[in-house]
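In full-length UniProt numbering, the protein residues as written are 1 to 81. Following: one structure in structure tokens, then a few remarks.
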Amino acid sequence: MYKEYMDGGQKLAINCKGKLTLTMRGERRLRRTVQLSLHRMGFDSHRPTRIPFLNTHHRGARPAWARELRDCSVEDWKQVA
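Right, here's the structure in full:
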């Protein structure tokens with residue numbers, strides 16, 4: 001499977017699922033080796049970043065912030081980085 005990928009074969013993750021846990025000779029590979037191979041092939045995975053919940057101060061300030069920006073024009077929004 002890895003050789004097929006490197007030779008320009010299947011590039012989609014859906015096509016490679018389950019096949020990459022075995023080498024071309026059918027031997028089991030170590031989990032970390034598989035992870036590194038997948039990473040090099042562009043199949044990255046990660047956990048989403050955790051963000052803090054809004055506290056009471058944030059919840060009170062948010063509607064005021066929205067009202068302040070409600071009447072902004074397109075030109076005003078173009079100035080936002």
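We put the beta carbon where it would ideally sit given N, CA and C, even for glycine. Note that the coordinates shown come from a computational prediction; the quantities given were computed from them, not determined experimentally.
L38 and R31 have their C-alpha atoms roughly 11 Å apart.
A straight-line Cα-Cα distance of about 27 Å links S45 and L54. Linking A64 to T56 through their CA atoms gives a straight-line distance of about 13 Å. DSSP places T56 in the helix class (H, G or I) of the three-state scheme.
The three-state reading of DSSP puts V34 in helix, counting H, G and I together.
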